[in-house]
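>
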Amino acid sequence: MSSNITRIDSNERLSRIVIHGDTVYVAGVTSRAEGGVAAQTRDALAKIDGYLAQAGTDKTRLLSVQIWLKDIDRDFAAMNGVWGEWAPREAMPTRATCEAKLAAPELLVEIIVTAARA
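No gaps in the numbering here: position 93 of the sequence shown is 93 in the numbering used here, and each next residue is one more.
What follows is the structure in structure tokens.
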């Protein structure tokens, strides 16, 4: 396994994607979509599809997912419904879902993923 680290879409605060060996780390993904948590989740997952493609992998290679909700009591079911449509049933990753104060008041969901390269 290579010890090289590749960083994609970096700025002064973070790298959007970091690849180490055959592991891909995607920083927290939020949405610019208008609407509720379902719309924001759908948008964030579409962005994740794009980031994974940039790194040479896809959602069937997910290892671990962290989902942060602004209001878990209100939004868990709607987020989970979108997740269920997107996540591959034959390749479910480990997953944690928590409630957190997110970086901006309009944000309802943030998703962090780790995947193996295809």
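The C-beta atom is built at its ideal place from N, Cα and C for all residues, glycine as well.
So, does the CB of Asn11 fall closer than 8 angstroms to a CB anywhere in chain C?
Annotation note: the requested chain C is absent from the structure, which comprises a single protein chain.
> Is it true that the CB of Asp9 sits closer than 8 angstroms to the CB of Arg16?
In this structure, Asp9 lies closer than 8 angstroms to Arg16 by Cβ.
> Is it true that the CB of Ala118 sits closer than 8 angstroms to the CB of Asp49?
Cβ distance not < 8 angstroms, so Asp49 and Ala118 don't count as in contact.
> Terminal residues of the continuous alpha helix (DSSP H) containing Thr41?
Looking at the DSSP string, the run of the alpha helix (DSSP H) that includes Thr41 is Val37 to Gln54.
> Got a sec? Which residues, its chain only, sit under 8 angstroms from Gly81 by beta carbon, not counting five neighbours each side?
Contacts found: Ala38.
> Do you know how far the Cα of Met79 is from the Cα of Ile5?
Cα to Cα, Ile5 sits roughly 32 angstroms from Met79.
> Skipping 5 residues on each side, what residues in its chain have a beta carbon closer than 7 angstroms to that of Met1?
Note on Met1: pLDDT 47, under 50, position unreliable in the model; the coordinate value appears next. Within the same chain, Met1 has close Cβ partners Gly21 and Asp22.
> Let's see if you can read the secondary structure: which residues bound the alpha helix (DSSP H) around Arg16?
No alpha helix (DSSP H) holds Arg16; the beta strand (DSSP E) holding it covers Ser15 to His20.
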